[in-house]
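Structure first, commentary second.
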Amino acid sequence: GAVVSQHPSWVICKSGTSVKIECRSLDFQATTMFWYRQFPKQSLMLMATSNEGSKATYEQGVEKDKFLINHASLTLSTLTVTSAHPEDSSFYICSAGGVARVITEAFFGQGTRLTVV
Amino acid sequence: GIQVEQSPPDLILQEGANSTLRCNFSDSVNNLQWFHQNPWGQLINLFYIPSGTKQNGRLSATTVATERYSLLYISSSQTTDSGVYFCAVSRNYGGATNKLIFGTGTLLAVQP
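Top to bottom, those sequences are chains A and B. Take 1 as the starting number for the first sequence in the numbering used here and just add one per residue. Take 1001 as the starting number for the second sequence in the numbering used here and just add one per residue.
Below you can see the structure in the form of structure tokens.
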């Protein structure tokens, strides 16, 4: 299957600082990537759709100014959590789609566990 | 939006037992996947199964799209099968692919 790499795997940051998470498709080009968030003992919730070369589309209730998404190339999307607060502590995970809908099965990165202290 | 419910929410098995996990969805879909989330949080792809039946070793899955449900079968369970099992669905109409809606999950614990 397709390989999606996410970095870092875990990060601890101080309240008020910003954290950047990278999601890379290693063996295919992804025009679309997706960012999810998972709180402890809960399911995964879609945060936003990252579109290569255009603005991200955010799900209802997700603050676009807090969760900045950039998809500058066909293999890289980044999620920046700005001015992080303890309530932003969560597990963030990305998935990648394909070019021209060639890949129809979603593959996920390893996830990033963010702890804000 | 589409609602995805999984049952049972929790399941405890003795090693060697068989089990069936169910996923019900509220509307038609053209993509359905089963995942196993390991203790480190990583999602392992088990099946891409929008319809029909597939088997992979001790695991098999069946999706009956017309009746809006999917089943995951685990036979001869092992302790390494423990974790959370998610089904996820999407409905793609020529646009963004793989925008998945996740189910509520089944937490499986296999005891030695």
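Where is the CB? At the ideal position from N, CA and C, for every residue including glycine.
Query, Result
"Going by the beta-carbon positions, is the gap between T144/A and H71/A smaller than 9 angstroms?", "A question about residue 144/A goes unanswered here, because the residues of chain A that appear run from 1 up to 117."
"Under a three-way DSSP split, which group does A56/A fall into?", "coil"
"Suppose you measure from the CA of Q1014/B to the CA of S1077/B; what does that come to, to the nearest Å?", "8 angstroms"
"Spell out whether any CB of chain B is found under 9 angstroms from the CB atom of R113/A.", "yes"
"Measuring from the CB of A106/A, is there a heavy atom of the ligand NAD at a distance below 8 angstroms?", "The model depicted lacks the ligand NAD and carries no ligand whatsoever."
"Quick one: what does DSSP say A1065/B is sitting in, helix, strand or coil?", "helix"
"Out of I1049/B, I1002/B, S1007/B and T1066/B, which has the shortest C-alpha to C-alpha gap to L1107/B?", "S1007/B"
"Where do the ends of the beta strand (DSSP E) carrying A1088/B lie?", "G1083 to S1090"
"Assign L26/A to one of two classes, buried (16 or more other C-beta atoms within 10 Å of its C-beta) or exposed (fewer than that).", "exposed"
"Let me know the secondary structure DSSP gives T1080/B once reduced to three states.", "helix"
"Should V1089/B go down as buried or exposed, given a rule of 16 or more other Cβ atoms within 10 Å for buried?", "buried"
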